[in-house]
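Colleague: What follows is a single structure, and I will ask about it in a moment.
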Amino acid sequence: MCGIAGLFHIDSAPVSSVILKKMTDAIAHRGPDGEGQFVDGGVGLGHRRLSIIDLSSAGHQPMASEDGRYVIAYNGEVYNFNELRIELEAVGHRFHSRTDSEVVLKALVAWGSKALQRFNGMFALALWDKHERKLLLARDRYGIKPLYYACIGSSIVFGSEVKAILASGECQARMNKGGLLEYMTFQNFFTDQTLFEDVRLLPSGSCLEIHQGRSPCAVKPTEYWDYSFVEPEGEVDEREYIEELDRLFVQAVSRQLVSDVEVGAYLSGGIDSGSVTAVAARQLPYIKSFTCGFDLNSASGVELGFDERSTAEYMSYVFKTEHYEMVLKAGDMERIMPNLAWHIEEPRVGQSYPNYYAAQLASKFVKVVLSGAGGDELFGGYPWRYYRAVVNDDFEHYVDKYYGFWQRLIPNADITRVFAPIAKDVSNVWTRDIFRGVFHKHASSLTRPEDYINHSLYFEAKTFLHALLVVEDKLSMAHSLETRVPFLDNDLVDFAMRIPVRMKLGNLGEVVRINENEPGSKTAKYFQNTKDGKLILRKVMERHIPGTISEREKQGFSAPDASWFKGESIDYVKRELYSGHPRIYEFLDAASIQELVNDHLEGRENRRLLIWSLINLEKWCRRFLV
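Numbering (my numbering), first residue to last: 136 to 761.
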């Protein structure tokens with residue numbers, strides 16, 4: 136787990152090692168254990184190391200092949216590296232370290248870009264081929280590790296974080312106005328855009344090849360892997376599915392325990408993190424676990440259930456973990472917002488500051504932590520979302536219905552007035568087209584509700600899960616902490632995508648009948664948090680965690696900010712969005728935004744996500760824009 140950065144001059148102009156060091160210094164938090172630079176004329180690779188496997192100097196990067204032809208800067212963990220190493224040794228490769236980095240390098244040498252499909256883990260990498268004068272940039276299947284790049288003139292600048300690109304001096308921080316509209320619609324980016332003009336995020340499961348002497352701007356990423364949720368053909372035996380899922384889950388957790396430093400686990404109180412911790416605890420007695428809870432003295436409504444410390448404490452007792460907790464209060468967000476904006480660089484889904492504190496807590500005790508991320512997206516953890524679009528006339532009808540739900544911040548009806556200051560600059564941005572573009576391919580025939588559910592699972596893995604992973608990487612690496620995600624093991628994911636929808640969702644048939652009969656408000660009960668989703672996963676997890684936990688309703692990791700924003704934190708909200716000269720109003724209409732915020736402060740609407748996003752954007756503007 137590390138940070139990478141680099142420069143590639145198409146015209147072969149020499150790369151400055153001083154500039155390269157500035158770029159790696161900007162992401163020093165990602166790798167406090169070592170640094171390195173490599174320069175070959177118009178190419179420069181930089182690396183910051185967080186030592187996890189083989190702590191010796193043999194793992195120093197950038198790392199060159201024995202003949203010096205290939206040089207790699209690599210960030211991540213490939214958990215099947217020992218299996219790949221044995222295969223490579225059988226055909227004559229020799230190794231000088233115990234690192235997965237060397238295995239990744241020699242696998243790419245032996246198999247070319249086809250090796251990317253064989254890596255089971257998380258990674259972002261840059262590989263330089265001196266002979267062909269070619270640079271390969273690549274990300275893992277799921278996008279666990281980020282990799283940003285910018286085409287500036289005759290140069291490509293890249294890095295694990297945008298701040299490394301900015302440190303090069305080749306790229307200036309300017310607001311990407313089209314990206315802002317995309318974010319303010321979905322609270323996410325569904326394209327490869329970012330808030331930074333000219334900066335792109337290499338898509339998950341993709342690679343980019345650039346040749347010296349050829350225009351980099353003409354090169355497009357190539358997708359080497361994609362999700363594929365499909366219904367199995369013929370009869371299936373649920374018992375066989377349960378047994379295989381259990382085997383693959385235990386195997387996935389076990390694979391990700393490989394480390395030469397101590398491994399801990401997040402223990403939120405839910406079934407996903409609880410199950411990961413349970414399996415890990417069998418192999419790592421007294422593993423350290425970490426929970427963030429919330430002070431609910433001023434909370435109300437559903438937020439009264441947001442603090443899951445008691446459940447986490449119970450599971451810690453059952454699994455015999457060494458447990459640590461932190462309690463967040465109104466005002467804790469305010470304290471870290473400037474740092475949060477700096478580290479996260481571009482706000483994405485949800486109110487992520489609790490994750491920042493959780494990572495801060497874990498980093499005081501371990502260098503590696505296991506997360507339960509991915510369980511919901513693979514196994515149907517959000518049925519109230521999917522049920523909104525299970526009966527459709529055709530695929531475009533499905534897109535229209537699901538798009539309506541994902542307009543999370545500012546509805547289309549308000550877009551024109553909210554974006555009045557930059558209306559001309561975003562006139563060609565159509566968010567429905569952006570939404571539709573996520574499905575760059577889809578099944579030729581969609582005749583069953585299950586078909587549409589599988590497309591919803593695909594959509595959320597490509598967008599929502601991807602955003603969660605990018606955020607988690609930034610917030611953990613802010614504290615020099617590696618987060619591992621056992622649910623995103625290749626074998627486990629491949630199997631999960633083939634599980635029948637009826638084994639994931641319990642009320643699909645009833646929802647279909649309701650949609651067909653159009654009973655109106657009766658659908659409401661299916662459009663809220665329930666324990667309807669992840670049925671097969673719950674059955675498997677009963678083997679690992681107490682039944683009272685596996686049967687709980689889905690609960691997200693959220694602070695009670697809806698109450699705090701109109702209560703204890705109301706003065707903070709007003710200072711940020713009403714007083715002085717907020718920078719966001721260079722791009723957004725102040726009166727329109729304040730009208731929407733007032734709806735929340737006066738109790739008419741719950742706009743906590745909008746308020747969070749606006750404050751985050753304001754801090755972003757102050758920190759990055761000149």
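Cβ atoms here follow ideal geometry from the backbone N, Cα and C, with glycine treated the same way.
1) Would you kindly report the start and end of the unbroken alpha helix (DSSP H) that includes I728?
2) Between which residues of its own chain and L315 is the CB-CB distance below 7 Å, once the five residues before and five after are set aside?
3) If you follow the alpha helix (DSSP H) that D549 is in, where does it begin and where does it stop?
4) What is the residue span of the beta strand (DSSP E) that Q172 lies within?
5) What's the call for R417, buried or exposed, on a 16-neighbour Cβ count within 10 Å?
6) If we ignore side chains and look at the alpha-carbon of each, how far apart do P654 and Y533 end up?
7) Three-state secondary structure (DSSP) at R274?
8) So, V484 versus A353, is the Cβ gap smaller than 9 Å?
9) By the three-class DSSP mapping on this structure, what secondary structure does I162 have?
10) Tell me the rounded alpha-carbon separation between G507 and D560.
11) Rounded to whole angstroms, how far is the Cβ of K754 from the Cβ of P473, which I believe are closer than 8 Å?
12) Should K265 and V206 be called a contact, given that it needs their Cβ atoms to be closer than 9 Å?
13) Using 10 angstroms around the beta-carbon of T446, count the other beta-carbons present and answer buried if the total reaches 16, otherwise exposed.
14) On the premise that S289 lies in contact with A140, defined as a C-beta separation below 8 Å, what is that separation, rounded to the nearest angstrom?
15) According to DSSP, is H266 helix, strand or coil?
16) Can the beta-carbon of L731 be found less than 9 Å from the beta-carbon of L745?
17) Our contact map puts I187 next to K609 with C-beta atoms below 8 Å; I'd like the distance itself, whole angstroms only.
18) What separation, rounded to the nearest whole angstrom, lies between the Cα atoms of N589 and L431?
19) I'd like the span of the alpha helix (DSSP H) that includes T234, first residue to last.
20) Rounded to whole angstroms, what is the Cα-Cα separation between G256 and A555?
21) Here's the rule: buried if 16 or more other CB atoms are within 10 angstroms of the residue's CB, otherwise exposed. What is K639?
22) Check for me: the alpha helix (DSSP H) holding G682 runs from which residue to which?
23) Nearest-angstrom Cα distance between T412 and I154?
24) Which residue from P167, I145 and D235 puts its Cα closest to that of Q347?
25) Just the C-alpha distance for L185 and A242, rounded to the nearest angstrom, thanks.
26) Name the DSSP bridge partner or partners of L336?
27) Quick test of your reading: A208 and A261, contact by CB under 8 Å. State the CB separation rounded to the nearest angstrom.
28) Rounding to the nearest angstrom, what Cα-Cα distance links S611 and E617 in this structure?
29) Near S363, what residues of its chain come up, given a Cβ to Cβ distance below 8 Å and the 5 sequence neighbours on each side ignored?
30) On a CA-only basis, which of S350, R382 and S498 is nearest Y401? Give me that one, please.
31) Using three-state DSSP, classify F500 as helix, strand or coil.
32) Spell out the partners DSSP gives V453 in its beta bridges.
33) Inspect the CB distances between the stretch 230 to 249 and the stretch 563 to 570 and report whether three or more fall short of 8 Å.
Modeller: Reading from the atomic positions:
1) Looking at the DSSP string, the run of the alpha helix (DSSP H) that includes I728 is A725 to L736.
2) In its chain, beyond the 5 residues on either side, L330 and F722 have a beta carbon closer than 7 Å to the beta carbon of L315.
3) Under the DSSP assignment, D549 falls in the alpha helix (DSSP H) whose first and last residues are N547 to V553.
4) Taken as a continuous stretch (DSSP letters only), the beta strand (DSSP E) holding Q172 covers G169 to D175.
5) With fewer than 16 Cβ atoms within 10 Å of its Cβ, R417 is classed as exposed.
6) For P654, the predicted model reports a pLDDT of 47, less than 50, meaning its position is unreliable and no value from the coordinates is stated.
7) R274 sits in a strand when the DSSP states are folded into three classes.
8) Cβ distance not < 9 Å, so V484 and A353 don't count as in contact.
9) Looking at I162 - three-state DSSP - the assignment turns out to be coil, as it is neither helix nor strand.
10) A straight line joining the alpha-carbon of G507 with that of D560 spans about 40 Å.
11) Right, the Cβ-Cβ distance comes to about 6 Å (below 8 Å), so this counts as a contact.
12) Taking 9 Å as the Cβ cut-off, K265 and V206 qualify as a contacting pair.
13) By the 10 Å Cβ count, T446 comes out buried.
14) About 18 Å; that fails the 8 Å criterion.
15) H266: coil per DSSP, three-state reduction.
16) Against a cut-off of 9 Å, the Cβ pair of L745 and L731 comes out as a contact.
17) Not really, about 18 Å apart at Cβ, beyond 8 Å.
18) N589 and L431: Cα-Cα distance of roughly 37 Å.
19) Note, T234: premise wrong, no alpha helix (DSSP H); not H, not E.
20) Rounded to whole angstroms, G256 to A555 spans 44 Å at the Cα level.
21) Only buried fits K639, as 16 or more other CB atoms lie within 10 angstroms of its CB.
22) Start and end: G682 to S685.
23) Distance between the alpha carbons of T412 and I154 is about 43 Å.
24) Here the closest residue by C-alpha is I145.
25) Straight-line measurement puts the Cα of A242 at about 22 Å from the Cα of L185.
26) Y283, per the DSSP bridge assignment.
27) The pair is a contact, with the Cβ atoms about 5 Å apart (cut-off 8 Å).
28) Separation of S611 and E617 (C-alpha to C-alpha, rounded to the nearest whole angstrom) is 6 Å.
29) Result list for S363: Y593 and M632, in chain order.
30) The option with the nearest alpha carbon to Y401 is S498.
31) Coil.
32) DSSP lists no partner for V453.
33) Verdict: no, contact absent.
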